[in-house]
Structure formats: C-alpha cells, structure tokens
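S.K.: In the UniProt record's numbering, the protein residues as written are 4 to 439.
Quick reminder that beta carbons are idealized off the backbone N, C-alpha and C, glycines included.
This is the structure, below, for whatever I ask next.
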Amino acid sequence: LLTTELSELDKKHFIHPTSSIAQQQAEGPSHIFTEGKGVYLTDSNGHKVIDGMSSLWNVNIGHGVKEMAEAAYEQMSKLAFTSNFSTFSNEPAIRLAEKLSKILPGDLNAVFFTSGGSESNDTAFKLARHYWILKGQPERQKIISRKMSYHGVAMGATSATGLKPFRDFTNANAPHFHYVNSSVEEFRTLIEEEGPETIAAFITEIVQGAGGVNLPPEGYFKEIRKICDEYGILMIIDEVITGFGRTGKYFAIEHDAIQPDMLCFAKGVTSGYAQLGGVALNNRLHNDFKTLSKGTLLHGYTYSGHPVACNVALKNIEIIERDGLIENAEKMGEVLYKGLKYLEGKHEIVTNARGFGLLGGIDIVKDSQSGERFDEYVSPLIVKEAAKLGLILRTVTYDHDSIVFSPPLIINEAEVEQMINILDQAIVNIKGEVLK
Ligand code: PLP
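Here it is as structure tokens:
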C-alpha cells in the first residue's frame with residue numbers, strides 16, 4: 004500500500020535527476036529504497052538487493068554505518084553551520100583540509116571545499132583561468148578535456164564532459180586499452196592546433212567512469228604530464244570516482260605516480276553520508292595565488308567547508324583507514340575481475356572484461372569473436388533482469404553497450420561471488436531472448 008501511494012506521489016511531484024520525465028511518468032519508480040546495511044539495500048516491498056554500484060560510485064564504506072550518523076549528530080548539535088567566507092572558519096573544515104593534505108600524494112596541500120564533483124570541477128576551471136590572468140597571460144583561457152569523459156553537470160563541468168549527449172566543447176581523443184587508440188603525440192598535435200598560448204588547463208579522469216570504466220594504457224598519463232609541463236598547461240585530475248580507495252590505492256594517480264596541479268574529489272570523501280567535494284592545489288599553485296593575488300576571487304559556495312559534511316568526511320576517512328578498506332578494494336578487485344573474466348569465457352555475448360580495483364566493466368556484443376554488435380543495446384535488458392534477481396548495476400550506452408561495477412569497498416568474497424552468480428543468471432535469461 005505504501006509503495007503504491009509513494010509511487011503515485013513520486014510520479015506527480017518528484018523530477019528525477021538524469022532520467023526521462025516521460026519514462027518516469029509511464030513507469031514510476033522501480034525501487035523506493037528504505038534501508039541500507041553493508042552492501043545491501045532494501046526497498047519498500049521488502050526486496051533486498053546488492054548495491055553493485057555503491058549507489059552512484061560513492062558509498063565506499065557501505066550503507067548503514069552508525070558512526071557516520073553519530074559524527075553528523077555530534078557536529079550538528081554543536082554547530083550545524085557557519086560561514087567560511089573571508090576570515091571565518093570552523094574546526095572540522097580545518098582538520099579535514101589538514102588530513103587531506105596528508106593523504107593526498109605529493110604536495111597537494113591546500114583544499115577548496117565544495118558540495119560535490121561538478122562544483123569541484125567548475126572551481127578548478129575558474130582557478131586555472133584566474134591563475135593565468137594573475138600570471139599576466141589572460142589569453143590562456145581554453146580548457147582541454149577528453150572524449151567519453153564525464154565531469155558533471157554544472158555549466159563548466161557540462162562543457163568539459165566529452166560524452167556525446169553532453170558535449171559542446173572540443174575534446175581530445177581518449178585512448179582506452181580496449182576501445183580507442185590515441186597516441187600521446189595526437190595530444191601534442193591538438194595543443195599545437197589550438198595554440199598552446201591559449202590553453203589554461205587539461206582535465207582528465209584516470210579511469211573514465213560514466214564513459215564505461217575505460218582504463219588508460221599503462222604510463223600514458225606520465226607522458227601527458229610531460230607534455231602539459233612542456234607547454235605550461237595546468238593538469239587537473241578528476242578523482243571524483245577514483246578517490247578514497249576505489250582503485251586499490253587512496254588515489255588513482257598513485258598507480259603511475261602522476262603529480263597534477265589540481266585534484267578534484269567528491270563522492271568517496273564522505274561515502275555519500277553528506278554532500279562534499281573539493282579541489283586540492285599543489286604548493287606551486289597555492290604559493291603563486293598567495294603572492295600574485297591582489298583582489299578577491301569571487302568564487303565560493305554557501306556550503307564550502309560545511310562543518311557537518313567535513314566532520315562526516317573525517318569519520319569516513321577514519322573508517323577507511325581503520326578497517327583496511329583500500330587493501331580490501333585491491334583484494335576484492337582481483338576477485339571481481341576474475342569473476343568478470345569467467346563470464347567473458349562462458350558467454351559469447353560478453354567481451355572486454357576489465358577491472359581496476361573495485362571498478363569493473365564488461366561489454367555486450369552479438370559475438371565476441373567477430374566483435375559484431377547487437378542492433379539495439381542489450382546491456383539495459385541484462386541490468387533490468389539482474390535487478391529483479393537482486394543485484395543493482397548500471398549500463399553505459401553512449402558508445403559502448405557496457406555494464407559497469409563499483410561495489411562498496413567493504414564487500415567480501417562471498418558477496419562478490421553472489422554478484423557474479425546473479426549476473427551470470429541474468430545473462431543466461433536475456434541471452435536466450437536476444438540470440439533467438
Ligand atoms: N566527475 C566525475 C568523474 C564523476 O563521475 C561525477 C559524477 O558522477 C562528477 C564529476 C560530478 O559529480 P557530482 O554529481 O557530485 O556533481
């Protein structure tokens with residue numbers, strides 16, 4: 004009864020993010036989630052499912068962690084909110100900025116806080132442009148991003164996003180080990196064509212998440228960093244998905260020891276228990292801002308450095324470290340990858356099994372030998388079937404026909420196996436239909 008009532012109200016009043024309003028009207032919500040514990044979610048019908056995506060790649064420590072609620076309660080009871088503009092500050096924001104400076108690799112030692120990934124990327128773009136104005140090179144205003152990238156939906160972040168449905172900027176090619184070949188030299192050519200003296204910054208994810216879990220060729224970003232340095236272009240790394248243990252290291256840049264000028268984070272910094280993001284600046288940039296800055300940069304969100312969100316983030320980081328979740332992500336990532344490889348070997352419609360810590364992906368094709376694709380996307384059918392069987396996953400159907408994986412970092416071996424078994428059954432059920 005409750006589900007029926009809520010479904011009707013949902014259709015009437017709730018416009019869902021990233022969804023077709025028409026489809027929402029026709030179908031109503033498929034799940035109204037009411038509870039979460041560990042890797043499991045329960046909906047209003049009492050149906051329990053594995054959250055194979057950590058919801059939106061973000062619930063790294065899993066659902067229902069009471070200590071997180073206590074951290075929010077404690078701070079909210081003491082001081083729920085205060086301004087951080089100008090000379091005002093608060094303790095959780097200061098402590099979190101210091102903690103981040105310790106766990107971020109290299110000399111990314113100063114942080115500007117936001118409420119999420121899109122705001123973080125917009126902030127990085129504004130800082131980059133402002134930086135070049137202060138340096139006396141105001142013509143450096145262009146930002147290069149990559150095809151198939153996703154950087155969010157604020158205006159700057161949307162412009163940078165290279166997925167076709169979002170694109171309205173020029174993007175560099177993005178090589179993926181399984182998908183597109185694009186050399187480092189191609190990147191250099193693009194810079195030369197655009198005019199290096201007009202380029203402020205280059206932004207990239209290390210692993211493209213919403214683009215389909217596209218892994219970079221080994222060593223690729225080291226070469227890209229060298230080219231950025233050669234042309235004086237600032238390098239911004241978007242670790243909104245990959246940060247806070249997702250890839251089996253604290254940050255994905257650690258795998259290839261890359262040092263960006265700015266690093267954007269969000270999602271896993273609080274595991275979704277509060278809205279928080281930020282941009283970390285390296286010492287060079289931070290020092291230049293200190294010495295060159297004359298006026299005020301008119302950029303700050305009401306919720307920059309929100310005390311409750313920052314206290315929740317501190318607790319989240321404490322739990323990640325105390326419970327060894329980064330090491331677990333590395334170990335369970337191997338189990339997940341093995342499982343995806345098993346599905347690739349078993350089903351002719353599965354190909355390109357890939358994994359990087361607890362990020363994974365497979366592509367769906369008609370025939371993995373020839374690589375021939377289905378006329379229509381099949382991954383949505385499989386994902387829908389998996390949800391019925393008790394596993395929430397996500398499709399990527401911009402250029403690939405992919406299913407992606409990003410379970411909570413607390414997942415254990417039995418739960419990964421449960422994921423693989425459910426997906427296996429979903430593929431069997433759908434394969435019978437689509438290969439008829
Ligand atoms: N950057 C990346 C790599 C993302 O995956 C996302 C969201 O999925 C964003 C930025 C935008 O973050 P938010 O949705 O918190 O604004």
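Is residue 267 near the ligand PLP, judged by its Cβ being under 8 Å from some heavy atom?
M.R.: yes
S.K.: By the DSSP assignment, the alpha helix (DSSP H) with residue 146 in it spans what residues?
M.R.: The continuous stretches of alpha helix (DSSP H) do not include residue 146, which lies in the beta strand (DSSP E) extending over residues 145-149.
S.K.: Can you tell me which of the three DSSP states residue 232 falls into?
M.R.: Correct three-state label for residue 232: helix.
S.K.: Measuring straight from C-alpha to C-alpha, what distance separates residue 287 and residue 110?
M.R.: Between residue 287 and residue 110, the C-alpha separation is close to 9 Å.
S.K.: Taking only the alpha-carbon atoms, compute the straight-line gap between residue 365 and residue 191 and give it to the nearest angstrom.
M.R.: 31 Å
S.K.: Provide the residue span of the beta strand (DSSP E) that contains residue 264, from first to last.
M.R.: Element bounds for residue 264: n/a, residue is neither H nor E.
S.K.: Does the Cβ of residue 157 lie closer than 8 Å to at least one heavy atom of the ligand PLP?
M.R.: yes
S.K.: Taking just the CA atoms, how far does residue 263 sit from residue 344?
M.R.: 33 Å
S.K.: Any contact between the stretch 127-147 and the stretch 360-379? By contact I mean 3 or more CB pairs, one from each, below 8 Å.
M.R.: Flag = no, the stretch 127-147 and the stretch 360-379 do not touch.
S.K.: Please tell me whether residue 315 and residue 279 are closer than 9 Å, where the distance is taken between their beta carbons.
M.R.: yes
S.K.: Grab the span of the alpha helix (DSSP H) containing residue 247 for me, first residue to last.
M.R.: That residue, residue 247, is in no alpha helix (DSSP H); it is neither H nor E in DSSP.
S.K.: Measuring only the C-alpha atoms, how far is residue 92 from residue 103?
M.R.: 17 Å
S.K.: Report all residues from its chain with a CB closer than 7 Å to the CB of residue 13; omit the five preceding and five following residues, and keep chain order.
M.R.: These residues qualify, in order along the chain: 31, 32.
S.K.: I believe residue 237 touches residue 265 by the beta-carbon criterion, under 8 Å. Please report the beta-carbon distance rounded to the nearest angstrom.
M.R.: 7 Å
S.K.: Taking just the CA atoms, how far does residue 399 sit from residue 159?
M.R.: 22 Å
S.K.: With a Cβ-Cβ cutoff of 9 Å, do residue 187 and residue 226 count as a contact?
M.R.: yes
S.K.: In this structure, how does DSSP classify residue 192 when only helix, strand and coil are distinguished?
M.R.: helix
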